[in-house]
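Asker: Residue numbers (our numbering), protein chains in the order written: chain A, 7 to 358; chain B, 8 to 76. Got a structure for you, questions after.
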Ligand code: FES
């Protein structure tokens, strides 16, 4: 992705150091700034500076950052900075989501409990708003907000595959293979999302809009990387995936309805339509075989499976609330408006 | 698929039939039903909008039943 604009002292020091590629001398300063900011932050989930820094540090493990040497990925000092921010995020989440690990769980009872968590979630419904009320501008903002994850959809959970065994591993591979299009070129879900963006006249390159993305949305993506990249948190990433799958098919049906209501055609809605069918399969596998299989093999991971699941619901609720509050107040949900120069003419639905 | 493993059908409680393995999905006239993935979830609640596949509607029906109780 392109180098984003800094949002405070930590991201500023980081984003100045990275493209110089020889800036190891800037790192003690960065570590100190990150330590200060992590200690002083009022709420790390809404802290633009820390969440952007964390997002960029993770991006070194995914698609990289333009002009930045890939060797930074395993720089020990950068990993230290990352760990510092991660610690703050993880403890913030553990303080906020109550987890009691029930005993004597079978794969089916794990699935039942996860489905019940998803069903009981009464967080704000962005999908209902999209289906019925959103304006074309708000629908576009919704896609821009989603793009920081959906253009690398499935990747944060894929990190877990080598850390799993047996039934849980088979389940994860089966789900992820489908996420990546079952081997058919052009069918990777992230690519279908790129088509949606193109159909809306938006730039589908990863991170094109990162400067528009508020901290809380970055926090929900960062949390997936936090869970996915650490073996210690393999239970959490599996619980996270299960909840994502279980809260997907019905909302995606609503998103598709919303875009059709606004006059957009299949090239925009295909991504959402595909998820209605795919995630109705995935949610069954993720609950019973992935999360349930993992706990059957290692009951000590049960608490973290539910921690990951509840964290996913919690963060989605906060990020959804941010969007709906902004729209209800007549504001944009983005940090800065979409750069009109970057948008190309929208062929379909332009007149609505 | 050349697998000799038997086809597996998981009866998901209050949910679809999850079918995995080597199988053909055909309609009443024996014509292939359009299928875009290996493992499929077949609706058995009758409420899906994309039959024969499940679209998650069974969860809404279950919530409605629960609310009515
Ligand atoms: S079984 Fe899922 S929609 Fe009918």
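C-beta atoms are modelled at their ideal positions from N, C-alpha and C, and glycine is treated no differently.
Measure from the alpha carbon of residue 98 (chain A) to the alpha carbon of each residue in A:118, A:45, A:148, then state which is nearest.
Answerer: For the purposes of this step, residue 98 (chain A) is identified with residue 92 of the first chain, where counting begins at 1. Residue A:45 is the option with its Cα nearest to residue 98 (chain A).
Asker: Considering only heavy atoms of the ligand FES, does any lie closer than 7 Å to the CB of residue 55 (chain B)?
Answerer: In the second chain, counting from the first residue as 1, residue 55 (chain B) sits at position 48. Answer for residue 55 (chain B): yes, Cβ within range of the ligand FES.
Asker: The alpha helix (DSSP H) with residue 15 (chain B) in it runs from where to where?
Answerer: Indexing the second chain from 1 puts residue 15 (chain B) at position 8. No alpha helix (DSSP H) contains residue 15 (chain B), which is instead part of the beta strand (DSSP E) from 15 to 18.
Asker: Taking the runs of the alpha helix (DSSP H) that are 4 residues or longer, which of them lie wholly in the stretch 154 to 209 of chain A?
Answerer: If we require 4 residues or more, the alpha helix (DSSP H) runs fully inside the stretch 154 to 209 of chain A come out as 161 to 164, 172 to 185, 195 to 205.
Asker: Which chain B residues sit within Cβ distance under 9 Å of residue 92 (chain A)?
Answerer: By one-based count along the first chain, residue 92 (chain A) stands at place 86. Result: empty, since nearest Cβ-Cβ is about 33 Å, beyond 9 Å.
Asker: Anyone know if the C-beta pair for residue 258 (chain A) and residue 281 (chain A) falls short of 8 Å?
Answerer: Residue mapping note: residue 258 (chain A) aligns to position 252 of the first chain, counting from 1. Residue mapping note: residue 281 (chain A) aligns to position 275 of the first chain, counting from 1. In this structure, residue 281 (chain A) lies closer than 8 Å to residue 258 (chain A) by Cβ.
Asker: What's the gap between the Cα of residue 263 (chain A) and the Cα of residue 137 (chain A)?
Answerer: Taking the first chain and counting its residues from 1, the one referred to as residue 263 (chain A) is at position 257. Taking the first chain and counting its residues from 1, the one referred to as residue 137 (chain A) is at position 131. Looking at the two C-alpha atoms, the distance is approximately 5 Å.
Asker: Residue 25 (chain B) and residue 290 (chain A): beta carbons closer than 8 Å?
Answerer: For the purposes of this step, residue 25 (chain B) is identified with residue 18 of the second chain, where counting begins at 1. For the purposes of this step, residue 290 (chain A) is identified with residue 284 of the first chain, where counting begins at 1. The answer is yes: Cβ separation under 8 Å.
Asker: Is the closest heavy atom of the ligand FES to the C-beta of residue 46 (chain B) under 7 Å?
Answerer: Translated into positions along the second chain, residue 46 (chain B) becomes position 39. No, the ligand FES has no heavy atom inside 7 Å of this Cβ.
Asker: Determine whether the Cβ of residue 177 (chain A) lies closer than 8 Å to any Cβ atom of chain B.
Answerer: Translated into the one-based positions of the first chain, residue 177 (chain A) becomes position 171. No, residue 177 (chain A) does not count as interfacial toward chain B.
Asker: Examine the ligand FES and report whether any of its heavy atoms sits within less than 7 Å of the Cβ of residue 23 (chain B).
Answerer: The residue given as residue 23 (chain B) occupies position 16 in the second chain. Yes; taking the cut-off as 7 Å, the Cβ of residue 23 (chain B) has a heavy atom of the ligand FES nearer than that.
Asker: Name the chain B residues whose beta carbon is nearer than 9 Å to that of residue 287 (chain A)?
Answerer: Locating residue 287 (chain A) in the first chain gives position 281, counting from the first residue. By Cβ distance, chain B contributes 23, 25, 44, 46, 47, 48, 60, 61.
Asker: Quick one: what's got a C-beta closer than 8 Å to residue 320 (chain A)'s C-beta in the same chain, skipping five residues either side?
Answerer: Your numbering for residue 320 (chain A) matches position 314 in the first chain. Only 99, 102, 103 meet the Cβ criterion.
Asker: Is residue 188 (chain A) close to chain B? Criterion is C-beta to C-beta, closer than 8 Å.
Answerer: As a first step, residue 188 (chain A) must be located in the first chain, where it is residue number 182. Judged by the 8 Å Cβ criterion, residue 188 (chain A) is in contact with chain B.
Asker: Considering only the alpha carbon of each residue, which of A:252, A:17, A:260, A:300 lies closest to residue 362 (chain A)?
Answerer: With chain A running from 7 to 358 in the structure shown, residue 362 (chain A) is simply not present.
Asker: Provide the residue(s) that pair with residue 27 (chain B) in DSSP beta bridges, ordered along the chain.
Answerer: Within the second chain, numbered from 1, the residue matching residue 27 (chain B) stands at position 20. Note: residue 27 (chain B) sits in a beta bridge opposite B:15.
Asker: For residue 26 (chain A), which residues in the same chain have their Cβ closer than 8 Å to its Cβ, ignoring the five residues on either side in sequence?
Answerer: Position 20 of the first chain holds residue 26 (chain A). Closer than 8 Å at the Cβ level, and outside the excluded window around residue 26 (chain A), lie 32.
Asker: Assess contact between the stretch 180 to 200 of chain A and the stretch 269 to 278 of chain A, defined as three or more Cβ pairs (one per stretch) separated by less than 8 Å. Is contact present?
Answerer: As far as the Cβ criterion goes, the stretch 180 to 200 of chain A touches the stretch 269 to 278 of chain A, which means the pair count is three or higher.
Asker: In chain order, which alpha helix (DSSP H) runs of at least 4 residues are fully inside the stretch 223 to 263 of chain A?
Answerer: Runs of the alpha helix (DSSP H) inside the stretch 223 to 263 of chain A: 240 to 252.
Asker: If the cut is a Cβ gap below 9 Å, which residues of chain B does residue 283 (chain A) touch?
Answerer: Residue numbering aside, residue 283 (chain A) sits at position 277 when the first chain is read from its first letter. Under the 9 Å cutoff, chain B gives 43, 44, 47, 48, 57, 60, 61, 62.
Asker: Near residue 149 (chain A), what residues of its chain come up, given a Cβ to Cβ distance below 7 Å and the 5 sequence neighbours on each side ignored?
Answerer: On the first chain, residue 149 (chain A) is found 143 positions in, with the first residue counted as 1. If we look at residue 149 (chain A) and ignore the five residues flanking it on each side, its Cβ neighbours are 202, 203, 206, 208.
Asker: Is it buried or exposed, residue 32 (chain B), if we count other Cβ atoms within 10 angstroms and call 16 or more buried?
Answerer: Here residue 32 (chain B) corresponds to residue number 25 of the second chain, with the count starting at 1. By the 10 Å Cβ count, residue 32 (chain B) comes out exposed.
Asker: So, residue 328 (chain A) versus residue 335 (chain A), is the Cβ gap smaller than 8 Å?
Answerer: The residue you call residue 328 (chain A) lines up with position 322 of the first chain. The residue you call residue 335 (chain A) lines up with position 329 of the first chain. Not closer than 8 Å, so no.
Asker: Please compile the residues from chain B whose C-beta is within a distance smaller than 7 Å of the C-beta of residue 180 (chain A).
Answerer: Residue 180 (chain A) sits at position 174 when you count from the first residue of the first chain. Correct list: 46.
Asker: What do you get for residue 351 (chain A), buried or exposed, if any count of 16 or more other CB atoms within 10 angstroms of its CB means buried?
Answerer: For the purposes of this step, residue 351 (chain A) is taken as the residue at position 345 of the first chain. In this predicted model, residue 351 (chain A) has a pLDDT of only 42, less than 50, meaning its place in the structure is not dependable; the value taken from the coordinates is given anyway. Burial call: exposed.
Asker: Using alpha carbons as the reference points, say which of B:44, B:42, B:19 lies closest to residue 293 (chain A).
Answerer: The residue labelled residue 293 (chain A) in the question sits at position 287 within the first chain. Out of B:44, B:42, B:19, B:19 has the C-alpha closest to the C-alpha of residue 293 (chain A).
Asker: For residue 70 (chain B), which option in A:128, A:158, A:70 has the closest C-alpha, if you only look at C-alpha atoms?
Answerer: Counted from its first residue, the second chain places residue 70 (chain B) at position 63. Among A:128, A:158, A:70, the Cα nearest to that of residue 70 (chain B) belongs to A:128.
Asker: Count the other CB atoms, across all protein chains shown, that sit within 10 Å of the CB of residue 271 (chain A); report buried if there are 16 or more and exposed otherwise.
Answerer: By one-based count along the first chain, residue 271 (chain A) stands at place 265. Looking at its Cβ environment, which holds fewer than 16 other Cβ atoms inside 10 Å, residue 271 (chain A) is exposed.
Asker: Would the C-beta of residue 286 (chain A) count as close to the ligand FES, meaning under 7 Å from any of its heavy atoms?
Answerer: Translated into the one-based positions of the first chain, residue 286 (chain A) becomes position 280. Residue 286 (chain A) Cβ: within cutoff of the ligand FES.
Asker: Between the C-alpha atoms of residue 69 (chain A) and residue 51 (chain B), what's the straight-line distance to the nearest angstrom?
Answerer: Reading the first chain from its first residue, position 63 is the one you call residue 69 (chain A). Reading the second chain from its first residue, position 44 is the one you call residue 51 (chain B). Cα-Cα distance, rounded: 42 Å.
Asker: Give me the Cα-Cα distance between residue 61 (chain B) and residue 81 (chain A), rounded to the nearest whole angstrom.
Answerer: As a working mapping, residue 61 (chain B) is identified with position 54 in the second chain. As a working mapping, residue 81 (chain A) is identified with position 75 in the first chain. Spanning the two alpha carbons is a distance of roughly 47 Å.
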